[in-house]
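S.K.: For reference, each letter of the sequence shown is one residue, going 1 to 287 in full-length UniProt numbering.
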Amino acid sequence: MKISKGDYILRSFSKIKHKKWELYVITRIIHLLNDPEIEYVCQQLVKTPENKRYLTDLFFPTLELYYEIDEGQHSLDQHIISDVHRQREIVDATGFIEKRIRVFDENKNDRSLNEINIEIDEEIDFIKKRKKQFILKNNFIPWNYETKFSPEPHLKRGYIDVKDNVVFLNHRDTLRCFGYKKGHHQPATWTIKGTKKHVWFPKLYKNKDWNNSLSDDFKTIEMKRTDNSILPKVGHTEAIVFAHYKNLFGQIVYKFLGEFHTSIKESTNYKWVYIRKQTKIYLNEYQ
């Protein structure tokens, strides 16, 4: 179910209401920034350049920037990824800038509100300047929440790219990018007409029948049976992958991960291995 932008904003803030300083800093940044073109996410699951996965406090995907709010008892322990989080949508933050706002001093005492506000104001200036830099390089994509999950902007642009964090809410809208004209679609794969390729919607975490996984560098998918039983012999397949995840609000989303091909060399009787070959797909050839 799609939620409105108003609901998105209110639910985002409600997710951090139990952390007083985090709530204060984040809402102050968003309110004073006052820029509806800049997309933000609270508690986004990311992969860092060190291939670590954790929840960021405030994430700006189109500015390749995220913030950590260092509270008195704040530590990475608060961001440990549980089994539940394995099902969450994850963003590759390689190349992103990490910024930190401390709400305590070197003695672990709370800083004054005035000191924190001054630092927040400085960060707001930084965010505004960063947006201008992205615009000058023609790299800024304005946030249009109403079309975020629609295939139309991608069809108009002519391609989908992993770095743009492409997600859809259902199979049908995903498949529109590849010439699909029918109604809702349920199977985990769909063969693209006139090609040897198919679109694949895998769950890349342990579920009832499969124990699938995505490598830390996002370049390899492994498929195994939950009971570790023998698999049929793998053949050559080419799959455009949209992984089945849940976002912050529990919505099912299908996230573009690239085009993967089976690796017959690395596959065995007990696992199938897929290697990423493309991170950008041009859509015109499929229409």
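No residue lacks a Cβ here, since even glycine has one placed at the ideal position from N, Cα and C.
Taking the alpha carbon of I135 as the point to measure from, which residue in E37, R225 and Y67 has its own alpha carbon closest?
M.R.: Of E37, R225 and Y67, the residue nearest in Cα terms is E37.
S.K.: Under the rule that 16 or more other beta-carbon atoms within 10 Å means buried, what is R157, buried or exposed?
M.R.: By the neighbour-count rule (16 or more Cβ atoms within 10 Å), R157 is not buried but exposed.
S.K.: Helix, strand or coil: how does DSSP classify N284 here?
M.R.: It is helical.
S.K.: Ignoring anything shorter than 4 residues, give me the alpha helix (DSSP H) runs that lie fully in the region 8-87, in order along the chain.
M.R.: Within the region 8-87, the complete alpha helix (DSSP H) runs of at least 4 residues are 20-33.
S.K.: Is the separation between the beta-carbon of I141 and that of T220 shorter than 8 Å?
M.R.: No, the Cβ-Cβ distance between I141 and T220 is not below 8 Å.
S.K.: Of all the beta strand (DSSP E) runs that stay within the bounds of the region 191-239, which reach a length of 3 or more residues?
M.R.: Runs found: 197-200 and 220-223.
S.K.: To which residues of the same chain is residue 363 closer than 7 Å at the C-beta, ignoring the five residues directly before and after it?
M.R.: Outside the displayed range of the chain (1 to 287) lies residue 363, so it cannot be described from this structure.
S.K.: Do the region 195-212 and the region 238-251 make contact, defined as three or more Cβ pairs closer than 8 Å?
M.R.: They touch, by the three-pair rule.
S.K.: Quick check: the region 218-234 against the region 119-134, are at least 3 beta-carbon pairs closer than 8 Å?
M.R.: No, because fewer than three Cβ pairs between the region 119-134 and the region 218-234 fall closer than 8 Å, the two stretches do not touch.
S.K.: Between K17, L283, I16 and E259, which lies nearest to P151 when the distance is taken from Cα to Cα?
M.R.: Minimum Cα distance to P151 is reached at L283.
S.K.: What first and last residue would you give for the alpha helix (DSSP H) that runs through K128?
M.R.: Looking at the DSSP string, the run of the alpha helix (DSSP H) that includes K128 is L113 to L136.
S.K.: Ends of the beta strand (DSSP E) at D161?
M.R.: Note, D161: beta strand (DSSP E), Y159 to D161.
S.K.: I need the DSSP call for L155, collapsed to helix, strand or coil.
M.R.: In the structure shown, L155 sits in a helix (DSSP, three-state: H, G or I).
S.K.: From which residue to which residue does the beta strand (DSSP E) around T262 run?
M.R.: Counting along the chain, the beta strand (DSSP E) containing T262 begins and ends at I252 to T262.
S.K.: Give me whichever residues DSSP pairs with H244 in a beta bridge.
M.R.: Its beta-bridge partners are Y254.
S.K.: Taking the alpha-carbon positions, what's the K181 to K148 distance?
M.R.: For K181 and K148, the distance between alpha carbons rounds to 20 Å.
S.K.: Leaving out the 5 sequence neighbours to the left and right, which residues in its chain are closer than 7 Å to Y270 when beta-carbon positions are compared?
M.R.: Closer than 7 Å at Cβ, skipping near neighbours: K224, N228, I230 and L231.
S.K.: Report the residue from N34, L55, H236 and Y67 whose alpha carbon sits nearest the alpha carbon of S267.
M.R.: Checking every option, the nearest Cα to that of S267 belongs to H236.
S.K.: Tell me whether P61 is buried or exposed, calling it buried when 16 or more other Cβ atoms sit within 10 Å of its Cβ.
M.R.: So P61 counts as buried.
S.K.: Assuming K17 and C42 form a contact by the criterion Cβ under 8 Å, report the distance between their Cβ atoms to the nearest whole angstrom.
M.R.: K17 to C42, Cβ: 11 Å. No contact.
S.K.: Taking just the CA atoms, how far does E89 sit from Y40?
M.R.: Using only the alpha carbons, I get a separation of about 15 Å.
S.K.: Would a C-beta distance cut-off of 8 Å place Q44 and L33 closer than the cut-off?
M.R.: Against a cut-off of 8 Å, the Cβ pair of L33 and Q44 comes out as no contact.
S.K.: Got a sec, what are the start and stop residues for the alpha helix (DSSP H) D164 sits in?
M.R.: D164 -> no alpha helix (DSSP H), and no H or E assigned at all.
S.K.: Between the C-alpha atoms of E22 and G95, what's the straight-line distance to the nearest angstrom?
M.R.: Each residue's alpha carbon lies about 24 Å from the other.
S.K.: How about A239 and W200: do their beta carbons lie closer than 8 Å?
M.R.: Yes.
S.K.: Note the first and the last residue of the continuous beta strand (DSSP E) segment covering D173.
M.R.: Where D173 is concerned, there is no enclosing beta strand (DSSP E), although the alpha helix (DSSP H) it sits in stretches over H171 to R176.
S.K.: Out of V91, K20 and K52, which one is the CA nearest neighbour of V253?
M.R.: Cα-wise, what sits closest to V253 is V91.
S.K.: Please return the same chain residues whose Cβ sits closer than 8 Å to the Cβ of E71, not counting the five positions on each side in sequence.
M.R.: Excluding sequence neighbours, E71 sits near K19, W21, E22, V103 and F104.
S.K.: Taking the C-alpha atoms as reference points, what is the distance between S112 and T27?
M.R.: Their Cα atoms are separated by approximately 18 Å.
S.K.: Y145 and K5: beta carbons closer than 8 Å?
M.R.: Going by C-beta atoms, Y145 is nearer than 8 Å to K5.
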